Amino acid sequence: METLDLAVLEHRLETSFLGRRVIYRESIDSTQDLARAEAEEDAPEGTLVLADAQTAGRGRQGRSWVSPPASNLYFTLVLRPSIDQLTRLGMIVPLAIAQGLETATPLVCGIKWPNDVFVKGKKISGALIDSDIDGDIVRFALVGIGINVNFDLRLFPEIADTATSVLTETGTNGSREAILAAVLNAFETHYAANRAPALFTEWRGRLINLGKRVAIHDYDGTVVEGLAESVKESGALLLKLDDGTVREFSAGQLNIPNLLPARDLA
Ligand code: BTN
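In structure tokens form, the structure reads like this:
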């Protein structure tokens, strides 16, 4: 069984702070919970909480994140961002994942608004971004990322229609250490740089659902359908409803497959 090699990870890192402190567990309930406890205990910015397997991995909107051992990447970064950096995280996270995967594998990645990473119409990575804010002060942010690397989806038929992995797409195993290092290298570059317009342009350029008919879960759980017309520099999506009005969504989930057929995502 292949274990994660932290020496290889360190060797490939080009960051100054991201991933320079690593807390590694072979198995954990969720990296997000340990990262929160570490953040409460003054863990330094850039602390990486990494696990080989999760027993209670979480996705967005109360879903679970399938996290078997020896195959994928599950990690949470502890950040202490400025308000400005926090507002950019929603774009930085998927862009860094997409660029990291493209650096370390032959894959070409798109972003499904707001921050899922897709390859050929299937999800290869997702992220949870939690923050703890006290007035104007951001105490910390937790960026939890799952990337499907050597995931044999034939063993998980319940998600095989919607999810993919490096192994599934390329037919060969990817290096988890190389992918993680490449994601962290790209992440730190975007996080440290104060170049919001370029970030926005790069993120928008990868969106796969602009101009498509989509459905979004509103805050109260109702589903809103419409045409994903455009995105604003804040990252908000402008959705044109069937009655012609335009609604703005700052976060949401485009996850109703029959409204967004796989061929439209390619
Ligand atoms: C989603 O797309 O629904 C978000 C998935 C986030 C999964 C990662 S795996 C590491 C971290 N720990 C968790 O429990 N979830 C995130």
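Per our numbering, the very first residue in the sequence shown carries number 349; after that it's consecutive.
By construction, the Cβ of each residue, glycine as well, lies at the ideal position given by its N, Cα and C atoms.
Bear in mind that the values here come from a model prediction, so they are computed numbers and not experimental data.
Beta carbon of Gln-447: closer than 7 Å to some heavy atom of ligand 1? Gln-447 Cβ: outside cutoff for every heavy atom of ligand 1.
Between the C-alpha atoms of Gly-583 and Thr-520, what's the straight-line distance to the nearest angstrom? Going by the C-alpha atoms only, they are around 35 Å apart.
If you draw a straight line from the C-alpha of Asn-603 to the C-alpha of Asp-484, how long is it? Since pLDDT at Asn-603 reaches only 44, below the 50 mark, its modelled position is unreliable, and no value is offered.
Less than 7 Å between C-beta atoms, sequence neighbours within five positions excluded: which residues of the same chain meet that for Ala-387? Same-chain partners within the cutoff: Val-426, Phe-488 and Leu-490.
C-alpha gap between Glu-525 and Val-571, whole angstroms: Answer to the nearest angstrom: the Cα atoms are 39 Å apart.
Rounded to whole angstroms, what is the Cα-Cα separation between Ala-549 and Ile-445? A small correction: the amino acid at residue 549 is Thr; Ala does not occupy that position in the sequence shown. Across the structure, Thr-549 and Ile-445 are spaced so that their CA atoms are roughly 16 Å apart.
Evaluate the contact criterion for the segment 539 to 555 versus the segment 433 to 451: three or more CB pairs, one atom per stretch, below 8 Å. Yes: the two stretches touch, three or more of their Cβ pairs being nearer than 8 Å.
Express the C-alpha separation of Glu-358 and Asn-533 in angstroms, rounding to a whole number. Within the model, the alpha-carbon separation for Asn-533 versus Glu-358 is close to 11 Å.
Taking the straight line between their C-alpha atoms, what separation do you get for Thr-363 and Val-397? Computed Cα separation, rounded: 16 Å.
Beta strand (DSSP E) segments (min. 3 residues) lying fully within the segment 393 to 420: List check, beta strand (DSSP E) in window: 395 to 402.
Distance, Glu-517 Cα to Phe-597 Cα: For Phe-597 and Glu-517, the distance between alpha carbons rounds to 32 Å.
Report the partner residues of Lys-580 according to the DSSP bridge assignment. Paired residue(s): none; Lys-580 is not in a bridge.
Let me make sure I understand the geometry here. Which of Ala-404, Ile-371, Leu-366 and Leu-421 has the alpha-carbon closest to that of Ile-527? For Ile-527, the closest C-alpha among the options Ala-404, Ile-371, Leu-366 and Leu-421 is that of Leu-421.
Look up Val-356 in the DSSP assignment and say whether it is helix, strand or coil. Val-356: helix per DSSP, three-state reduction.
According to the neighbour-count rule (16 or more other Cβ atoms, all chains shown, within 10 Å of its Cβ), is Ala-511 buried or exposed? Ala-511 is buried by the Cβ-count criterion.
Sort Ala-563, Thr-451, Asp-509 and Lys-468 by Cα distance to Phe-535 and report the nearest one. The residue among Ala-563, Thr-451, Asp-509 and Lys-468 with its C-alpha nearest the C-alpha of Phe-535 is Thr-451.
Same chain, Cβ closer than 8 Å to Ser-375, five either side skipped, listed in chain order: Once the five neighbours on either side are set aside, the close Cβ partners of Ser-375 are Ala-399, Asp-400, Ala-401, Gln-402, Thr-403 and Pro-417.
Taking 7 Å as the line, does the beta carbon of Thr-326 fall inside it for any heavy atom of ligand 1? The requested residue 326 does not occur in the structure, where the chain is confined to residues 349 to 614.
Using alpha carbons as the reference points, say which of Gly-474, Glu-389 and Val-356 lies closest to Arg-411. Taking only the C-alpha atoms, the option nearest Arg-411 is Gly-474.
Indicate whether Gly-458 and Arg-552 have their beta-carbon atoms separated by less than 8 Å. Judged by beta-carbon spacing, Arg-552 lies beyond the 8 Å limit of Gly-458, meaning their Cβ atoms are not closer than that value.
Classify Leu-503 as helix, strand or coil using the three-state DSSP reduction. Assigned with DSSP and collapsed to three states, Leu-503 falls in helix.
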